[in-house]
Each structure stands twice: as structure tokens, then as C-alpha cells.
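With this note's numbering, letter number 98 in the sequence shown gets 97, and the count goes up by one each step, no holes.
Note that the Cβ used here is the ideal one computed from N, Cα and C, for glycine as well.
Report on the structure given below.
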Amino acid sequence: MFTEIKGINEECGVFGIWGHEKAAELTYYGLHAQQHRGQEGAGVVVSDGSSLKLHKDTGLVNDVFKKANFSELNGKAAIGHVRYSTQGDKDGYGNVQPLLFQSQQGSLALAHNGNVMNAYELRGELENEGSILQTTSDTEVLAHLIKRSTSTKKEDAISEALQKLVGAYSYLILTEEKMYVALDPRGIRPLSIGRLGDAYVVASETCAFDLIGATFEREVLPGELITISDDGLDSTRFAMREQRRMCAMEYVYLSRPDSDLNHVNVHASRKRMGMELAKEAPADADVVTGVPDSSISAAIGYAEQIGLPYEMGIIKNRYIGRTFIQPSQELREQGVKMKLSPVRKIVEGKRVVMIDDSIVRGTTSRRIVRMLKEAGAKEVHVRIASPSIKNPCFYGIDMSTKEELIAANNSLAELCEKIGADSVAYLSESGLEEAIVKDKTIHQGICTACMTGRYPVKKQNESVISYTKS
Ligand code: AMP
0 MFTEIKGINE ECGVFGIWGH EKAAELTYYG LHAQQHRGQE GAGVVVSDGS SLKLHKDTGL
60 VNDVFKKANF SELNGKAAIG HVRYSTQGDK DGYGNVQPLL FQSQQGSLAL AHNGNVMNAY
120 ELRGELENEG SILQTTSDTE VLAHLIKRST STKKEDAISE ALQKLVGAYS YLILTEEKMY
180 VALDPRGIRP LSIGRLGDAY VVASETCAFD LIGATFEREV LPGELITISD DGLDSTRFAM
240 REQRRMCAME YVYLSRPDSD LNHVNVHASR KRMGMELAKE APADADVVTG VPDSSISAAI
300 GYAEQIGLPY EMGIIKNRYI GRTFIQPSQE LREQGVKMKL SPVRKIVEGK RVVMIDDSIV
360 RGTTSRRIVR MLKEAGAKEV HVRIASPSIK NPCFYGIDMS TKEELIAANN SLAELCEKIG
420 ADSVAYLSES GLEEAIVKDK TIHQGICTAC MTGRYPVKKQ NESVISYTKS
């Protein structure tokens with residue numbers, strides 16, 4: 000039997016809560032705020048102190064939770080997950096998280112954002128030793144490693160298991176008695192702790208805290224394992240702390256503008272990206288417009304810096320999901336067409352600067368340039384508020400091969416021609432760093448591997464693409 004295990008990278012969102020009567024309901028809100036991080040599946044596992052209950056399904060948070068009976072999901076602790084899978088994932092429902100494992104020694108639920116790069120090797124080892132894995136997700140490996148540990152204390156077993164993982168991961172683990180929170184040694188994905196009264200909350204993005212009225216307490220530290228129980232919060236390390244390498248794309252595109260990552264507000268950093276871009280690559284134009292929603296902040300910054308009006312030249316149909324978060328190129332193309340429309344009265348006869356946050360495959364830019372020209376724009380100057388993406392991401396974003404990246408296979412002039420623009424320019428690497436790092440009270444680095452090829456965690460084995468089981 001042939002099983003694909005690559006392509007299950009997850010750019011997901013996690014949420015957890017400990018010590019609140021309405022744990023499951025609040026998890027629903029926490030996931031709702033993070034819907035942009037994954038739209039293919041959602042779920043919650045709740046603990047009532049003696050057992051764990053699961054509710055999950057494919058679809059958007061609202062659809063999944065419409066079917067939830069909160070009175071049956073009673074308990075004071077819960078973890079939840081929104082999921083984004085990539086192509087190759089044939090096991091839609093099974094891979095929806097949290098994953099729940101039950102045994103005579105107790106239950107264990109997992110929610111994970113990131114990508115375990117050595118999942119393939121670990122799966123092989125586990126299978127050789129007799130484990131039968133239930134999903135094709137890289138997340139499940141951790142559960143088996145924990146279960147196989149000889150340590151009697153759960154914290155030690157989890158710590159030991161985490162030490163075997165290579166990659167980027169934010170993990171929430173729930174048992175009947177405790178919740179565990181872990182972040183990889185470089186802190187590539189975001190994860191924060193907050194308080195809601197006496198309850199502890201954990202989320203990929205701080206916008207989840209705002210929605211439920213929780214207050215931000217602190218970031219989870221790289222290599223930290225936090226245990227939360229009725230005795231409070233206890234912090235240990237499962238790995239030496241390395242310099243933090245928060246994914247730059249979290250700032251550029253992935254996170255919500257109202258979230259703060261590492262004490263830096265996402266909207267403010269995007270606006271600064273636009274301002275830096277205007278300094279580096281000014282365009283002779285009449286009007287600036289941004290691709291909604293993720294590029295609006297950068298477009299405002301660009302317009303402000305260059306002294307041109309910012310206009311709503313493109314509008315978005317709110318009822319279509321994120322175009323990139325569609326598991327095939329065909330669906331993505333159709334998605335862009337349905338999602339964005341030009342505002343003719345604004346662009347007609349004008350020289351337009353079109354700001355986008357990034358170009359990956361070129362689908363969005365190509366379509367929008369054409370759309371603006373068809374609506375009468377005289378010239379379209381494309382300005383990208385991040386450096387060009389030329390390298391695959393192995394840390395949980397669906398950009399896993401160089402072939403699909405337009406900037407990796409074309410010169411700037413070729414790319415300009417392919418997308419039909421009058422000119423194209425990208426933000427420089429130093430411009431991006433300046434925009435993100437500015438205003439920081441603590442020095443922490445970012446991961447720009449997809450732009451620079453400098454990978455903070457090395458890929459170990461090229462053979463993770465697929466494997467054959469007999
Ligand atoms: P593309 O159309 O393939 O060039 O992708 C670029 C567009 O997708 C831009 O408009 C971005 O806003 C968005 N985008 C960039 N990176 C990602 C990502 N990792 N996940 C989802 N969307 C993205």
C-alpha cells in the first residue's frame with residue numbers, strides 16, 4: 000500500500016485553556032479568531048478531570064461547532080486546533096486535530112502547528128518497533144514517542160520525546176490531569192500564554208486572547224515545556240534555548256494584523272515594510288492600492304511614505320477563503336478570480352502602484368495586474384513588501400518545492416513579463432529586518448529561509464517525500 004506522508008505540513012492555529020467552566024466554548028471562540036490559519040478542519044478536546052472528549056470535523060470553525068453540543072463537552076480544560084493541509088493529504092478527517100489517543104494508562108490529546116521534519120524517520124523507527132500509526136500526520140509521532148518512554152513522570156516522558164523531534168513545532172498536549180505546552184528550540188512558530196481571570200490560555204496568535212477578553216502574559220520561550228494544572232504553571236526546558244527564529248512570513252502574511260508576535264504588532268510591522276519599500280523602490284504613479292486583506296497595511300505605509308493617495312483599487316469578496324490556502328493550483332486560480340475585483344472608477348486612466356505582501360507562485364499578481372489593466376489602469380507597478388521567495392519552507396508552510404516558486408526560476412525581468420506588470424520591485428532583506436525588528440525591546444531573530452536560503456534547522460533527509468509500506 001502506498002502512503003504519502005509529505006504534504007501534510009500544517010500552517011495551523013492552536014488554542015488551549017485550563018481552569019474555566021466554559022473551556023470548550025471559549026476554545027471555539029479562540030479558534031474562530033484564528034480561522035485564517037487553517038480552513039480545512041477544526042476540533043476541540045475537553046477534559047472533565049476523568050476523561051477526554053473529542054469533537055472535530057473537516058470544514059470551517061463555525062460549521063464544525065454548529066454540530067457541537069457544548070453541554071456534552073463539559074470540563075474545565077480544553078485544547079483546539081484549526082487545520083490547513085496541503086496536497087497529498089488523502090486522510091482528511093483522520094488528520095483533523097486534536098488527535099486523541101486513549102489507553103488503559105490514560106488519554107492523551109495533541110494539537111500541533113508546524114512541521115516535524117524527521118517525522119518520516121521517526122515513523123519508520125516506531126513501526127519497526129511495533130507501533131501502528133493511525134494517521135498520516137507528522138503530529139502523531141509525538142504521541143507514540145511519549146507512550147514508549149520509560150520515564151514514569153509524564154513531564155519527563157514528554158521532554159524526552161520532544162528532544163527527538165527536528166523542525167518547527169508548537170504543541171499543546173492535554174491529559175485528564177494536565178495541559179502541556181511546548182515550543183521548538185528556535186521558536187519558529189508563534190505561541191503565547193495569557194490569563195482569563197484565574198484560567199490560563201494559550202494561543203498561536205494573541206488575537207485569540209482579545210476575542211475572549213483574556214490578557215497577554217508572555218511568549219512561550221524556545222525550547223520551553225510548560226505544565227499547567229490546578230497547581231498552577233510550571234516551566235522547564237527540554238532543549239537549550241537557541242536564538243529565536245520566528246518565521247518572517249508570520250509578519251509578512253500569515254498572522255492577523257491585530258496580533259502581536261514577540262511584542263511586535265503585525266499591522267505596524269507591515270506598515271513599516273511598506274514604508275521601507277517606498278524608500279527603496281519608489282514608483283512614478285498616481286495612486287497606491289493594496290491586495291486585500293494582508294497587503295493593506297503595507298500599502299498604507301507605502302502611500303504615506305511616498306506621498307501618494309492610498310485608494311481601495313481592489314476589493315475582496317469576503318465569502319471566499321484564502322486563495323493560497325487551497326490545495327491545488329486549479330482551485331487557487333479560480334479562487335483569485337472569485338475573490339478579488341478591481342474598482343474601475345479608481346484605477347481607470349491611472350498609473351497604479353499595486354502592493355502585495357509576497358509573490359509565491361505568481362498566481363495572484365498575474366491575475367490582479369490583468370484585472371487592473373482590464374479595468375483601465377494605464378500602468379501597473381507591482382511592489383512586493385517582502386524579499387523574493389526563492390527557497391522551499393520545511394517549517395510548516397506549503398511552499399515545499401523550488402519548482403513552484405516563480406522567483407526561483409525567473410529573473411526579475413522575466414517575472415515582470417510573466418505577470419504583465421510595467422515594473423516590479425521587492426523589499427530588501429535589510430528592509431524587512433528593519434521593519435520587523437524596529438521597536439523591539441528584546442533582541443530576537445527571524446527566520447528568512449524562504450527568502451535567503453539560510454535555514455536555521457537543517458533538512459535531514461530528502462526522502463521524506465513519500466514512502467511505500469507493504
Ligand atoms: P501566489 O499567488 O502563489 O504568488 O501567492 C502569493 C499570494 O498569496 C499573496 O497575495 C499573499 O498574500 C499570499 N500568500 C503568501 N504566502 C502565503 C502563505 N504561506 N500561505 C498563504 N498565502 C500566502
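Per-residue burial, residue i [other beta carbons within 10 Å of its own, 16 or more giving buried]
| i | result |
| --- | --- |
| residue 137 | buried |
| residue 152 | exposed |
| residue 96 | buried |
| residue 313 | buried |
| residue 272 | buried |
| residue 33 | buried |
| residue 420 | buried |
| residue 230 | exposed |
| residue 339 | buried |
| residue 400 | exposed |
| residue 412 | exposed |
| residue 259 | buried |
| residue 394 | buried |
| residue 239 | exposed |
| residue 457 | exposed |
| residue 366 | buried |
| residue 363 | buried |
Distance, residue j Cα to residue i Cα
| i | j | result |
| --- | --- | --- |
| residue 361 | residue 308 | 26 Å |
| residue 253 | residue 11 | 10 Å |
| residue 444 | residue 171 | 24 Å |
| residue 276 | residue 430 | 7 Å |
| residue 446 | residue 428 | 11 Å |
| residue 455 | residue 346 | 43 Å |
| residue 343 | residue 371 | 8 Å |
| residue 264 | residue 104 | 43 Å |
| residue 106 | residue 66 | 24 Å |
| residue 27 | residue 116 | 29 Å |
| residue 92 | residue 39 | 9 Å |
| residue 134 | residue 140 | 9 Å |
| residue 102 | residue 232 | 26 Å |
| residue 204 | residue 120 | 31 Å |
| residue 416 | residue 368 | 11 Å |
| residue 294 | residue 269 | 8 Å |
| residue 25 | residue 178 | 16 Å |
| residue 112 | residue 84 | 11 Å |
| residue 410 | residue 114 | 30 Å |
| residue 62 | residue 157 | 33 Å |
| residue 86 | residue 398 | The predicted model places residue 86 with a pLDDT of 42, which falls under 50 and marks its position as unreliable; any figure quoted below should be read in that light. Cα to Cα, residue 86 sits roughly 11 Å from residue 398. |
| residue 408 | residue 453 | 18 Å |
| residue 208 | residue 227 | 17 Å |
| residue 192 | residue 262 | 13 Å |
| residue 148 | residue 183 | 19 Å |
| residue 181 | residue 267 | 28 Å |
| residue 248 | residue 451 | 13 Å |
Short Cβ contact (8 Å threshold) for residue i with residue j
| i | j | result |
| --- | --- | --- |
| residue 426 | residue 386 | yes |
| residue 449 | residue 383 | no |
| residue 534 | residue 99 | Outside the modelled stretch of the chain, which goes from 0 to 469, sits residue 534, for which no answer is possible. |
| residue 142 | residue 109 | yes |
| residue 144 | residue 237 | no |
| residue 19 | residue 198 | yes |
| residue 60 | residue 41 | yes |
| residue 396 | residue 250 | no |
| residue 381 | residue 356 | no |
| residue 195 | residue 213 | yes |
| residue 351 | residue 379 | yes |
| residue 154 | residue 46 | no |
| residue 54 | residue 43 | yes |
| residue 337 | residue 300 | no |
| residue 78 | residue 210 | no |
| residue 280 | residue 424 | yes |
| residue 15 | residue 200 | yes |
| residue 547 | residue 315 | Given that the chain is displayed from residue 0 to residue 469, the structure contains no residue 547 and the question cannot be resolved. |
| residue 472 | residue 282 | Residue 472 lies beyond the stretch modelled for the chain, which goes from 0 to 469, so this question has no answer here. |
Beta carbon proximity, residue i to chain C, threshold 8 Å
| i | result |
| --- | --- |
| residue 454 | Here there is only one protein chain, and chain C is not present. |
Within the chosen definition, does the region 163–171 reach the region 188–195 through at least 3 CB pairs nearer than 8 Å?
Cβ pair count under 8 Å is three or more, so yes.
Contact between the region 125–140 and the region 70–78 (3+ Cβ pairs under 8 Å):
Segments in contact, no.
Can at least three beta-carbon pairs, one atom from the region 268–288 and one from the region 297–316, be found at a separation below 8 Å?
Taking 8 Å as the limit for Cβ pairs, the verdict is that the region 297–316 does touch the region 268–288.
Check whether the region 238–253 touches the region 211–225, taking contact to mean three or more Cβ pairs, one atom from each stretch, closer than 8 Å.
Yes: at least three Cβ pairs fall under 8 Å.
Segments assigned beta strand (DSSP E), at least 3 residues, entirely inside the region 344–404:
The qualifying runs are 350–355, 378–383.
Ignoring anything shorter than 4 residues, give me the alpha helix (DSSP H) runs that lie fully in the region 198–281, in order along the chain.
At a cut-off of 4 residues, the continuous stretches assigned as alpha helix (DSSP H) that sit fully inside the region 198–281 are 206–211, 265–279.
So within the region 102–177, which uninterrupted beta strand (DSSP E) runs reach at least 3 residues, ignoring any that extend past its ends?
DSSP runs (the beta strand (DSSP E)) wholly in the region 102–177: 105–115, 166–173.
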